[in-house]
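Working notes, beginning with the structure itself.
Residue numbers (my numbering): 419 to 649.
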C-alpha cells in the first residue's frame, strides 16, 4: 500500500528541519518550510504556522535550518542562519479538544564577532576543541586545541582519562566570582580576599575555562584565551 501526504509549503531539504514529538497527550509533526515552521497533528493537519521573518523582526527571509520540540514543556526551538527562536505554548487552555497555540517567548541573534566552538570527549579522555576552518563555511571544522589531562596529573597518580572535562564560560565564571565577593561572609579576611582577586584575574584574562575533578577531590583548571574570537 502506498501512502501519500501533501504537506503545505515548500519543505526544507535537511534532516534537522523535521521533528516528531508528543506533548500533553498529543502527537505533533513539525517541519521547516522555507522561512516558516509548520506545526501539524498526527494526521498531518496543519495547526499553526510560525512566521520567522515576522518574529525575528528581520527584513529578509529567515530560512529554517533546524527545529525541535521539548516533550517536557512543549516549547519549540527553531534556528536559522542568524537567529535562535523559542516558542512556548499558551497557558490557560480550557477546551482540551483544541491544540495549543505557540507564541515567541525568547530570541537570540547570532553574534557576528563570535564563532561556534565544538567540544568533544573520547574514550581516551582527551578533550578536543574544534572551530570552523573558514567563517564562510562553519560546518567544516578543524581541531584548534587539545587538552590531555594525563599531562597535568597533580595528586592522582592513576590515569585521569576516566574523569570528564567540563567547559565553563569565562563570563559566567566572572559573574560567579563577583557574586561571591559581594556576598562574602568574612570581608576582613585577607586570605579570602586574595583568593577572590586571583579568581577575578583568571576570569578576566581567560575567555574560556575547562576543569576536571579527580577521584581524590582535587581539581585541574585549564584556560584558553580568545577561543571564540574571529581570526
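We put the beta carbon where it would ideally sit given N, CA and C, even for glycine.
Small disclaimer: the values here were computed from a predicted structure and weren't measured.
Using alpha carbons as the reference points, say which of the options lies closest to residue i.
{"i": "residue 518", "options": "629, 494, 612", "result": "494"}
{"i": "residue 536", "options": "441, 560, 497", "result": "560"}
{"i": "residue 520", "options": "446, 642, 581, 620", "result": "446"}
{"i": "residue 538", "options": "585, 505, 555, 508", "result": "585"}
{"i": "residue 459", "options": "453, 439, 534", "result": "439"}
{"i": "residue 550", "options": "544, 534, 449", "result": "534"}
{"i": "residue 562", "options": "546, 441, 569", "result": "546"}
{"i": "residue 502", "options": "491, 476, 614, 489", "result": "476"}
{"i": "residue 627", "options": "640, 483, 506", "result": "640"}
{"i": "residue 450", "options": "504, 566, 485", "result": "485"}
{"i": "residue 634", "options": "643, 580, 434, 541", "result": "580"}
{"i": "residue 482", "options": "466, 490, 471", "result": "471"}
{"i": "residue 616", "options": "591, 461, 601", "result": "591"}
{"i": "residue 478", "options": "499, 543, 462", "result": "499"}
{"i": "residue 487", "options": "454, 441, 508", "result": "441"}
{"i": "residue 541", "options": "452, 582, 589", "result": "582"}
For residue i, is the classification buried or exposed, using 16 other Cβ atoms within 10 angstroms of its Cβ as the cut-off for buried?
{"i": "residue 597", "result": "exposed"}
{"i": "residue 523", "result": "exposed"}
{"i": "residue 443", "result": "exposed"}
{"i": "residue 526", "result": "exposed"}
{"i": "residue 621", "result": "buried"}
{"i": "residue 480", "result": "buried"}
{"i": "residue 456", "result": "buried"}
{"i": "residue 474", "result": "buried"}
{"i": "residue 630", "result": "buried"}
{"i": "residue 433", "result": "exposed"}
Residue i lies in the beta strand (DSSP E); which residues open and close that run?
{"i": "residue 449", "result": "444-451"}
{"i": "residue 584", "result": "584-587"}
{"i": "residue 630", "result": "626-631"}
{"i": "residue 460", "result": "Per DSSP, residue 460 belongs to no beta strand (DSSP E) and is neither H nor E."}
{"i": "residue 498", "result": "It is not in any beta strand (DSSP E) - residue 498 carries neither H nor E in the DSSP assignment."}
Across which residues does DSSP place residue i in a beta bridge pair?
{"i": "residue 437", "result": "448"}
{"i": "residue 546", "result": "538, 564"}
{"i": "residue 455", "result": "450, 468"}
{"i": "residue 506", "result": "521"}
{"i": "residue 480", "result": "None; residue 480 has no bridge partner."}
{"i": "residue 526", "result": "502"}
{"i": "residue 552", "result": "555"}
Can you tell me whether DSSP reads residue i as helix, strand or coil?
{"i": "residue 515", "result": "Residue confidence is low: residue 515 scores 49 on pLDDT, short of 50, so the model does not pin down where it sits. Its coordinate-derived value is still stated next. Coil at residue 515, not helix or strand."}
{"i": "residue 560", "result": "strand"}
{"i": "residue 601", "result": "coil"}
{"i": "residue 487", "result": "strand"}
{"i": "residue 637", "result": "strand"}
{"i": "residue 420", "result": "For residue 420, the predicted structure reports a pLDDT of 47, less than 50, and the residue's modelled location is therefore unreliable. A value from the coordinates is still provided. In this structure, residue 420 counts as coil in the three-state DSSP scheme."}
{"i": "residue 533", "result": "coil"}
{"i": "residue 642", "result": "strand"}
{"i": "residue 569", "result": "helix"}
List the endpoints of the continuous alpha helix (DSSP H) containing residue i.
{"i": "residue 610", "result": "608-623"}
Residue i CB to nearest chain C CB: under 7 angstroms?
{"i": "residue 519", "result": "Within the model displayed, chain C is absent; a lone protein chain is all it includes."}
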